[in-house]
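As numbered in the numbering used here, residues 1 to 217 make up the sequence shown, in order.
Note that the Cβ used here is the ideal one computed from N, Cα and C, for glycine as well.
Treat the numbers as computed from the prediction; the structure is a model and nothing was measured.
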Amino acid sequence: MRSPNIATDADLYEIENLAADPDRTVERTMQRIAPWSGKVVIDVGAGTGFHLDRFHDAAAHVIAVEPDPALRIRMMRRIADNRLERTSVIGASAVNIPLRDHCVDIVHSRFAYFFGPGCEPGIAKLKRIVRPDGAAFIIDNDLRSGTFASWIHTGYPDRPLDPDEIESFWTDQGFTITRLNSCWRFDNRDDLERVVHLEFPADKAARFVAEHPSNEI
1 MRSPNIATDA
11 DLYEIENLAA
21 DPDRTVERTM
31 QRIAPWSGKV
41 VIDVGAGTGF
51 HLDRFHDAAA
61 HVIAVEPDPA
71 LRIRMMRRIA
81 DNRLERTSVI
91 GASAVNIPLR
101 DHCVDIVHSR
111 FAYFFGPGCE
121 PGIAKLKRIV
131 RPDGAAFIID
141 NDLRSGTFAS
151 WIHTGYPDRP
161 LDPDEIESFW
171 TDQGFTITRL
181 NSCWRFDNRD
191 DLERVVHLEF
201 PADKAARFVA
211 EHPSNEI
């Protein structure tokens, strides 16, 4: 499935990435559960490679998997510009990762498995390539609480998402759910409004930004 936000406007999605989780709560939690120093890390659905440098500093090797050719080109440019020399790029979807069994230690996948049910083939591939003592982190939005959760339910009423169904899917696949409090924190109002319009239909986005005066979500 082609990602509708980053594939629509990769430059604007870069601003969204910069605003998301500014305190790096996700990475700190990952490090506590499964440190990646000296490990092989794979980023599935890596997009333009925004998160690669966060793993590259300590990892033995980072593998970035991204099916979209345009995003891969931007990612490879980022890798070259930032001299991420221990990084490989693979053009593949989650179900077609061409790696041997049990060859990676840590999986990072952020907003790439929509939204659980239906992703079984990709998860089966992860289970094949991750070492028995490895860990896989699937990061997504909490649909139970918070401003963004309410926006998702209001913004897409024709595509209802059931938190119980989605969470049951992940636990049935062997995952443990960890809830984190985080935010989007934008440098200015214009960036926030543009990102909200990227994520939601125009009429809903206009309503959301009108009702939300803060630059933090």
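Going by DSSP in three states, residue i sits in which element: helix, strand or coil?
i       : result
Ala-64  : strand
Phe-114 : coil
His-56  : helix
Arg-144 : coil
Asp-23  : coil
Ser-88  : strand
Phe-109 : One point to set straight first is that residue 109 is Ser, not Phe, in the sequence displayed. Reduced to three states, the DSSP call for Ser-109 is strand.
Ile-139 : strand
Trp-151 : helix
Asp-162 : coil
Trp-170 : helix
Ile-177 : coil
Residues in the same chain with beta-carbon distance under 8 Å from residue i, minus the five sequence neighbours each way, listed in chain order, please.
i       : result
Cys-103 : Val-40, Ile-129, Arg-131
Thr-25  : Leu-180, Asn-181, Ser-182
Thr-8   : Leu-198
Arg-100 : Ile-129
Can you give me the C-alpha to C-alpha distance between residue i and residue j, rounded to a whole angstrom?
i       : j       : result
Ser-3   : Asp-68  : 9 Å
Arg-74  : Ala-112 : 18 Å
Arg-54  : Arg-189 : 27 Å
Ile-15  : Glu-216 : 13 Å
Glu-167 : Thr-147 : 19 Å
Arg-86  : Leu-12  : 27 Å
Ala-205 : Glu-27  : 29 Å
Arg-83  : Ile-90  : 18 Å
Could you pull out every residue in the same chain whose Cβ sits closer than 6 Å to the Cβ of residue i, ignoring the five residues on either side in sequence?
i       : result
Leu-71  : Gly-47, Thr-48
Leu-143 : Ala-149, Leu-161, Pro-163
Phe-50  : Asn-17
Ser-37  : Ala-58
Val-209 : Glu-193, Val-196
Pro-22  : Arg-185
Ile-123 : Gln-173
So, is residue i buried or exposed, given that buried needs 16 or more other C-beta atoms within 10 angstroms?
i       : result
Leu-180 : exposed
Ala-94  : buried
Gly-134 : buried
Ser-109 : buried
Ala-60  : exposed
Asp-105 : buried
Ala-136 : buried
Ala-19  : buried
Ala-202 : exposed
Confirm, please, whether the CB-CB distance from residue j to residue i is below 8 Å.
i       : j       : result
Thr-29  : Thr-178 : yes
Glu-165 : Pro-121 : no
Val-218 : Leu-52  : Residue 218 lies beyond the range of the chain shown here (1 to 217); nothing can be said about it.
Lys-125 : Ile-79  : no
Val-65  : Ala-92  : yes
Val-107 : Ile-6   : no
Phe-200 : Gly-155 : yes
Phe-175 : Ile-138 : yes
Return the chain-ordered list of same chain residues with a C-beta closer than 7 Å to the C-beta of residue i, the five sequence neighbours on each side being excluded.
i       : result
Cys-119 : Tyr-113
His-56  : Val-62, Leu-84, Arg-86, Thr-87
Met-76  : Val-89
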